[in-house]
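Just below is one structure, and these are the notes that go with it.
In our numbering, the protein residues as written are 538 to 1088.
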């Protein structure tokens, strides 16, 4: 046999078969493939045996449409069904951005599929391995990277927005370290922009959607409004949604709550979500007018404060009317958010008070009248924060832990003032000590989770706040006789805190904990900024400069 024939035969036998051409895919090689393969936009289809488990008849548990250029989501069908049931039972009622009907109507993409599985995998009742969760994290990282890539065109669609909103429900799904926290706010801004581009805030005047689609779009828009308010309050991000768009949203939500109140069987399905979003609308007013870049002054400030105060009182009345319709943990969560709104209102108004004049005196009088029960409400919020609340439906939302941190700052400040000369009644001091003990138990429960996530960050945040207490100052507490009213136990204002630039190091930390550098009036939020900066340097967490460099 001529050597040319033998070489040709060997080369033909060495050609890869058609199903294996995907292994050699790329512009650098066309060995064994057809020349036209180089001009196709996608590789040839995979053989049937490479598709993995067969799809279930139920559309809820079907594998999402896979893009060959991305990491494929491979989860066991039994695990997938288990996680989907957990999501729709324990998470979806308070985050109704996805429904069973919407999954049947609109096939979910990989982002939405991985977001649902990852969100459910972090639930305390989920049976899923860390290997599955790590795989879901890798898939979400790839999907989010491609979503924000400049190479991909911006194409807003309902499924992508649904996946993005579900991802925002779990901090650990879109972040891995502290350096990724800015991405969380970026994802929130992107979701709010996409929701407005999809027209979710517009009324369906043309009648293009049926009742199910209309309710889904309204719930998704309300979720964006809530997430925008939470991100602005927790991370200091500017509000992405204008006030004129959400002006009447609270009234619409309470109409829905009243409608579901008549149907007791379905009241608890989404009523908590509607009420929570209504409280977020009140939070948006406080953030916009009292913590915005250009706050009002004079009579305009007084009018805005009066208007916000009317809103706060109206929300409290609604909460009292609906108390018997809610479960215990649901009512406690809503009361915590309402207490947080009142706290931020007092803090923002105190920071904007000018020198003494007729207008500022009237605002100060309003402030004193409505801040009497502030410390008691902070103790109530801290005492409501329990593992049982964290495992309930509203406990799946990150804003619950944010309200706990804010209230704990007030409790610690008030207890330090009681230890450094402020005269408090004995019942209030006992309540403060009970709140601190409850916070320590809750902190230890959160720190049992050693993996990165919202529980880990909240546990260390509470640890930093409680570290400000000096346990050797109990003997310096001065109390009043019983019978003192709540209006008389609010710490008086002191001189503004002087700005200082402490040098990093453990020596400075010991000095500030035992000295008088951090002695200031209660409710002084600016002091906490410097405190957390010093604490971050001690535990070697990344600084803001590291955030910017990594981003």
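Glycine included, C-beta positions come from ideal geometry on N, C-alpha and C.
Checklist entry - If you compare alpha carbons, which of 946, 743 and 619 is closest to residue 911? => result As a working note, residue 911 is residue 374 in the chain shown. Selected option, being the one with the closest Cα: 946.
Item to check | Whole-angstrom distance between residue 722 and residue 966, CA atom to CA atom | outcome: Working through the chain shown from its first residue, we reach residue 966 at position 429. Working through the chain shown from its first residue, we reach residue 722 at position 185. Each residue's alpha carbon lies about 38 angstroms from the other.
Checklist entry - Which residues mark the beginning and the end of the beta strand (DSSP E) in which residue 962 is found? => result Along the chain shown, read from residue 1 onward, the residue named residue 962 stands at position 425. Unbroken beta strand (DSSP E) run through residue 962: 960-962.
Item to check | the segment 650-661 in contact with the segment 820-838 per 3-pair CB rule at 8 angstroms | outcome: The segment 650-661 makes no contact with the segment 820-838, as fewer than three CB pairs between them are under 8 angstroms.
Next on the checklist: Taking 7 angstroms as the limit between beta carbons, can you name the residues of its chain near residue 972, skipping five residues before and five after?
Outcome noted: As a working mapping, residue 972 is identified with position 435 in the chain shown. Within its own chain, the residues whose Cβ lies closer than 7 angstroms to the Cβ of residue 972, once the five positions on either side in sequence are excluded, are 916, 919, 920 and 948, listed in chain order.
Next on the checklist: Looking at residue 929: is its Cβ nearer than 8 angstroms to the Cβ of residue 872?
Outcome noted: Position 392 of the chain shown, counted from the start, is the residue given in the question as residue 929. Position 335 of the chain shown, counted from the start, is the residue given in the question as residue 872. For the 8 angstroms CB-CB criterion, residue 929 and residue 872 do not form a contact.
Next on the checklist: Using 8 angstroms as the threshold, is the C-beta distance between residue 725 and residue 762 below it?
Outcome noted: Numbered from 1 along the chain shown, position 188 holds the residue referred to as residue 725. Numbered from 1 along the chain shown, position 225 holds the residue referred to as residue 762. Cβ atoms of residue 725 and residue 762: not closer than 8 angstroms.
Checklist entry - Which two residues bound the contiguous alpha helix (DSSP H) that contains residue 622? => result One-based indexing of the chain shown puts residue 622 at position 85. Element bounds for residue 622: 614-623.
Item to check | Whole-angstrom distance between residue 840 and residue 934, CA atom to CA atom | outcome: Residue mapping note: residue 934 aligns to position 397 of the chain shown, counting from 1. Residue mapping note: residue 840 aligns to position 303 of the chain shown, counting from 1. Using only the alpha carbons, I get a separation of about 33 angstroms.
Checklist entry - Where are the alpha helix (DSSP H) runs, 4 residues long or more, that stay fully inside the segment 701-788, in chain order? => result Runs of the alpha helix (DSSP H) inside the segment 701-788: 708-711, 718-734 and 748-772.
Item to check | Rounded Cβ spacing between residue 625 and residue 637 (contact assumed at less than 8 angstroms) | outcome: As a position in the chain shown, residue 625 is number 88, starting the count at 1. As a position in the chain shown, residue 637 is number 100, starting the count at 1. Yes, residue 625 and residue 637 are in contact; Cβ-Cβ is about 7 angstroms, under 8 angstroms.
Next on the checklist: How far does the alpha helix (DSSP H) with residue 949 in it extend, from its first residue to its last?
Outcome noted: In the chain shown, the residue the question calls residue 949 occupies position 412. Its alpha helix (DSSP H) spans residues 935-956.
Checklist entry - Who are the Cβ neighbours of residue 753 in its own chain at under 7 angstroms, not counting the five residues just before and after it? => result The sequence position of residue 753 within the chain shown is 216, counting from 1. Taken in chain order, the residues that qualify are 636 and 639.
Next on the checklist: When you compare the segment 662-670 with the segment 685-694, are there three or more beta-carbon pairs, one atom per stretch, that lie closer than 8 angstroms?
Outcome noted: Result no; under three Cβ-Cβ pairs closer than 8 angstroms.
Checklist entry - Grouping DSSP H, G and I as helix and E and B as strand, with all else coil, what is residue 920? => result Position 383 of the chain shown, counting from 1, holds the residue named residue 920. Helix.
Checklist entry - Is it right to say residue 995 is buried, meaning 16 or more other beta carbons lie within 10 angstroms of its own, or is it exposed? => result The sequence position of residue 995 within the chain shown is 458, counting from 1. A buried status is given to residue 995, since no fewer than 16 other beta-carbon atoms sit within 10 Å of its beta-carbon.
Checklist entry - Leaving out the 5 sequence neighbours to the left and right, which residues in its chain are closer than 8 angstroms to residue 883 when beta-carbon positions are compared? => result One-based indexing of the chain shown puts residue 883 at position 346. Taken in chain order, the residues that qualify are 904, 907, 908, 911 and 1060.
Next on the checklist: My output table needs one value for residue 829: the three-state DSSP class, helix, strand or coil.
Outcome noted: The residue labelled residue 829 in the question sits at position 292 within the chain shown. Secondary structure of residue 829 (DSSP, three-state): coil.
Checklist entry - So, are the CB atoms of residue 820 and residue 757 less than 8 angstroms apart? => result As a working mapping, residue 820 is identified with position 283 in the chain shown. As a working mapping, residue 757 is identified with position 220 in the chain shown. Result no, Cβ atoms of residue 820 and residue 757 do not sit closer than 8 angstroms.
Item to check | Residue range of the alpha helix (DSSP H) that includes residue 648 | outcome: Looking up residue 648 in the chain shown gives position 111. Where residue 648 is concerned, the enclosing alpha helix (DSSP H) stretches over 647-658.
Item to check | From 781, 741 and 710, residue whose alpha carbon lies closest to that of residue 751 | outcome: As a first step, residue 751 is located in the chain shown; it is residue number 214 there, counting from the start. Check the Cα spacing between residue 751 and each of 781, 741 and 710: the tightest is with 741.
Next on the checklist: Just to confirm the assignment, what range does the alpha helix (DSSP H) spanning residue 678 have?
Outcome noted: Within the chain shown, residue 678 is the residue found at index 141, counting from 1. Residue range 667-684 is occupied by the alpha helix (DSSP H) that includes residue 678.
Item to check | Of the residues 728, 684, 683 and 960, the one placed nearest residue 705, counting alpha carbons only | outcome: Here residue 705 refers to the residue found at position 168 when the chain shown is read from its first residue. Ranking 728, 684, 683 and 960 by Cα distance to residue 705 puts 728 first.
Next on the checklist: Rounding to the nearest angstrom, what Cα-Cα distance links residue 878 and residue 682 in this structure?
Outcome noted: Residue 878 sits at position 341 when you count from the first residue of the chain shown. Residue 682 sits at position 145 when you count from the first residue of the chain shown. Spanning the two alpha carbons is a distance of roughly 35 angstroms.
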